[in-house]
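Below: the structure, in structure tokens.
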Amino acid sequence: AQKITQTQPGMFVQEKEAVTLDCTYDTSDPSYGLFWYKQPSSGEMIFLIYQGSYDQQNATEGRYSLNFQKARKSANLVISASQLGDSAMYFCAINAGGTSYGKLTFGQGTILTVHP
Amino acid sequence: NAGVMQNPRHLVRRRGQEARLRCSPMKGHSHVYWYRQLPEEGLKFMVYLQKENIIDESGMPKERFSAEFPKEGPSILRIQQVVRGDSAAYFCASSLNQDTYTEAFFGQGTRLTVV
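So the sequence lines, in the order shown, correspond to chains A and B. Per my numbering, the first sequence starts with residue 1, numbered consecutively. Per my numbering, the second sequence starts with residue 1001, numbered consecutively.
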């Protein structure tokens, strides 16, 4: 079984500053994927970034980057140059090999508030 | 290219009624996944279906809940005799296949309220 731990219930950041949202994971499967999603107050789940366990480089997507430290089993999300629209709930998730790649295990989430 | 479509967006049911939630996957996708999000929590996997087959229902409650994905038409999550504890957001995701999976496309969710 897989497990995701997000230890920060809430985070605050000043507009235009960078912020790191923590995520640690646990899995016994050597092949897995790590995902970050944003859930604004409107409720939809917005895919942000993906990191495969065998990827050599950290994933980046625009202002989002994933600080992947495999030995520490951490996959922290870094948002650079925060914007007011980044205020939302952020979820880290993992899937693992086997028969069901789409079966994601989510963490409890971190609420990010961006201050002007 | 339309995304994953869920309807209704909001559903109110009285205790004891049935709730039917629909999910149309992205065009060409034949794998559908249902998740439930209770208030203040992350999403929890419920069931994984391919056309006409249930592949993994390890997250489905044993009673009152069922899911199907017929050859034609959307996937349906059905909750019989709803109770207050069923109030949650239900999300559907779809994928092209199970061999590689680098992005999950979620619908906007159905918010079920049981009164």
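The C-beta atom is built at its ideal place from N, Cα and C for all residues, glycine as well.
(request) Find the nearest neighbour of B:H1031 within the set B:N1007, B:P1074, B:P1008, B:K1062, judged by alpha-carbon distance. (result) B:P1074
(request) Pick helix, strand or coil for A:D55, following the three-state DSSP scheme. (result) If DSSP states are grouped into helix, strand and coil, A:D55 belongs with coil.
(message) Please list, in chain order, the chain B residues whose beta carbon lies closer than 7 angstroms to that of A:M45.
(response) F1091, F1106
(request) Anything in chain B within Cβ reach of A:F124, meaning under 9 angstroms, just list it in chain order. (result) For residue 124 of chain A there is no data in the structure shown, the boundaries of chain A being 1 and 116.
(request) Quick one: grab the DSSP three-state call for B:D1056. (result) strand
(request) Using the Cα positions of B:S1012 and B:R1084, report the straight-line distance between them to the nearest angstrom. (result) Reading the sequence as shown, one finds Val at residue 1012 of chain B and not Ser. Take the alpha-carbon of B:V1012 and the one of B:R1084: they are about 11 angstroms apart.
(request) For A:L104, count neighbouring C-beta atoms within 10 Å of its own C-beta (all shown protein chains included) and say buried if the count is 16 or more, exposed if not. (result) buried
(request) For B:Q1080, I'd like the list of residues in its chain whose CB is within less than 6 angstroms of its CB, leaving aside the five on either flank, ordered along the chain. (result) E1018, R1064
(request) Examine the Cβ distances between the segment 29–43 of chain A and the segment 1020–1029 of chain B and report whether three or more of them are shorter than 8 angstroms. (result) no
(request) For A:F12, count neighbouring Cβ atoms within 10 angstroms of its own Cβ and tell me buried if that reaches 16, exposed if not. (result) exposed
(message) Is B:L1077 close to the ligand MN? I mean its beta-carbon at under 6 angstroms from any heavy atom of the ligand.
(response) For the structure depicted, the ligand MN is absent and the ligand set is empty, with no information on it obtainable.
(request) List the endpoints of the continuous beta strand (DSSP E) containing B:E1063. (result) No beta strand (DSSP E) contains B:E1063, which DSSP labels as neither H nor E.
(request) Report yes if the C-beta distance between A:F35 and A:Y50 is below 7 angstroms; otherwise report no. (result) yes
(message) Once the 5 residues before and after A:K3 are set aside, which same chain residues still bring their CB inside 6 angstroms of it?
(response) D26
(request) Could you work out which residues of chain B lie near A:Q108, taking near to mean beta carbons separated by less than 8 angstroms? (result) Correct list: E1041, G1042.
(request) For A:A71, count neighbouring Cβ atoms within 10 angstroms of its own Cβ and tell me buried if that reaches 16, exposed if not. (result) exposed
(request) With A:K3 as the anchor, note down where its beta strand (DSSP E) starts and where it stops. (result) 3–5
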